[in-house]
DNA sequence: AATGAAACCTGACAGC
DNA sequence: TGCTGTCAGGTTTCAT
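Residue numbers (this note's numbering): 13 to 300.
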C-alpha cells in the first residue's frame with residue numbers, strides 16, 4: 013500500500029511511540045506468505061528485546077533492537093543486537109493497540125509490549141513481509157552492519173549519481189523509477205507525479221533522456237516526496253499512519269487517478285495508459 | 001544482462 | 001441481491 017512518504021510517516025509515528033518499549037512475547041499466524049524469516053525464528057529472537065529506534069529504508073520499516081541488558085563494548089552495537097524489518101506490501105499495516113482491544117481480521121503478527129500495548133501487523137492481501145536482519149559477522153569488519161535496502165535513497169542521492177543510474181537503460185523511465193534496485197522507495201503514485209512535475213512522458217526510454225530531463229526529474233522527485241512527507245502521505249483508499257491518522261497529499265495529486273479530468277496546468281484531459289504493467293497517468297500536453 | 005508478463009492474494013466498486 | 005469484471009499504493013519468478 014505505501015510508498016516512501018507513507019512508510020516514512022508510519023516509521024516516525026512508531027519511533028515516537030515505541031522507542032524504549034520492550035517486547036515481552038510474540039504471536040505469528042501460520043500463513044506462509046508474510047514471512048521471509050520463519051516465524052519460529054522470530055518468536056525465538058524477539059522476546060526480551062528493547063526497541064531502540066524505528067526508521068525507514070526505502071519502503072522497509074526497520075526496528076533497531078537490543079537485548080535488555082546488553083554487554084557494551086565501546087561504540088560497537090550491543091552484543092546480540094539485531095533488526096526486525098517489515099515491508100507493508102500493498103495492504104499491510106502496523107498498528108499500536110491496547111492489548112485488550114479486538115484483534116482485526118488478517119492479523120499475521122503481534123508483539124506484546126511491556127507497556128501493555130501490542131504492535132499488530134495486519135495485511136489482507138498478504139504481499140507484505142517480515143524478516144530478521146542480523147549484524148554482519150566479526151570476520152567482515154568492513155561490511156555495513158545495518159539493513160541497507162535494495163537501492164539508493166531518492167532523497168539523498170546527488171544529481172550526478174542519479175544520472176548515472178539511468179545511463180544506458182533501454183526501458184521506459186517509469187519502469188526504471190519503479191525498479192527498487194536503482195532507487196528504492198518510489199512506487200506508482202510518486203513515479204507518475206514526479207514525471208509530471210519534470211514534464212517527461214512515462215514511456216520515454218531512460219537512456220534517451222537528456223541531462224536536463226534527468227536534472228528536472230531528480231528535482232521533481234525529491235520535491236514531491238518531501239511535500240508528501242510534510243502532509244503525512246497520500247490516503248488513496250484506506251491508508252492510515254501508526255496513529256490511525258490519514259494523510260493529505262492525495263489532495264495534491266496532479267495526474268495520479270485523475271484520468272479524463274483536466275490537467276491543472278493546461279486543461280488537457282489526463283490520459284491513462286499501461287506501462288510496466290501498472291496504471292500510468294500523464295498529461296499529453298505538459299509531458300513530452 | 002535485462003525486460004515484460006504473469007503470479008501471488010483479497011477487497012472494493014461499477015455495471016448489469 | 002448477487003454475479004462478473006476491473007482495479008488496487010508491490011515484489012518475485014519465469015519466459016523471452
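Here a beta-carbon is modelled for each residue, glycine too, at the ideal position from N, C-alpha and C.
Counted within 10 angstroms of its Cβ, other Cβ atoms place residue 168 as buried (16 or more) or exposed: exposed
Tell me whether residue 301 sits in a helix, a strand or coil according to DSSP, three-state version. Within the shown structure, residues of the chain are numbered from 13 to 300, placing residue 301 beyond reach of any answer.
Output the residue ranges of the beta strand (DSSP E) runs that lie fully inside the segment 60-114 and measure 3 residues or longer, sorted by chain position. 61-69, 72-79, 94-99, 105-110
Where does residue 151 sit, in a helix, a strand or coil, going by DSSP? Caution is warranted here: a pLDDT of 49 is assigned to residue 151, below 50, making its placement in the model unreliable, and no coordinate value can be reported.
Quick test of the definition: if touching needs 3 or more C-beta pairs under 8 Å, does the segment 216-236 touch the segment 45-56? no
Three-state secondary structure (DSSP) at residue 157? coil
From residue 54 to residue 166, what distance separates their C-alpha atoms? 31 Å
On a CA-only basis, which of 119, 191, 211 is nearest residue 142? Give me that one, please. 119
Let me know the secondary structure DSSP gives residue 138 once reduced to three states. coil
Would DSSP call residue 38 helix, strand or coil? strand
By DSSP, does residue 230 sit in helix, in strand, or in coil? helix
Could you tell me the boundaries of the alpha helix (DSSP H) in which residue 25 lies? 16-30
If you measure between the beta carbons of residue 134 and residue 101, is that distance less than 9 Å? no
Straight-line gap, residue 151 to residue 160 (C-alpha atoms, nearest Å): A caution first: residue 151 carries a pLDDT of 49, below 50, which makes its placement in the model too unreliable to give a value.
Decide if residue 193 is buried, meaning its Cβ has at least 16 other Cβ atoms within 10 Å, or exposed. exposed
How should residue 214 be labelled, buried or exposed, when 16 other C-beta atoms within 10 angstroms of its C-beta is the threshold for buried? buried
Which whole-angstrom value describes the C-beta separation of residue 190 and residue 199, a residue pair presumed to lie in contact below a C-beta threshold of 8 Å? 7 Å
Residue 206 in three-state terms, based on DSSP: helix
Ignore the nearest five residues each way along the sequence and tell me which others in residue 9's own chain have a CB closer than 8 Å to its CB. What is shown of the chain runs 13 to 300, which leaves residue 9 out entirely.
Buried or exposed: where does residue 31 fall if 16 or more other Cβ atoms within 10 Å of its Cβ makes it buried? exposed
So who's on the other strand from residue 121, going by DSSP bridges? 40, 133
With 16 as the cutoff for other CB atoms within 10 Å, does residue 176 come out buried or exposed? exposed
Once DSSP output is grouped into helix, strand and coil, what is the label at residue 264? helix
Identify whether residue 182 lies in helix, strand or coil by the three-state DSSP scheme. coil
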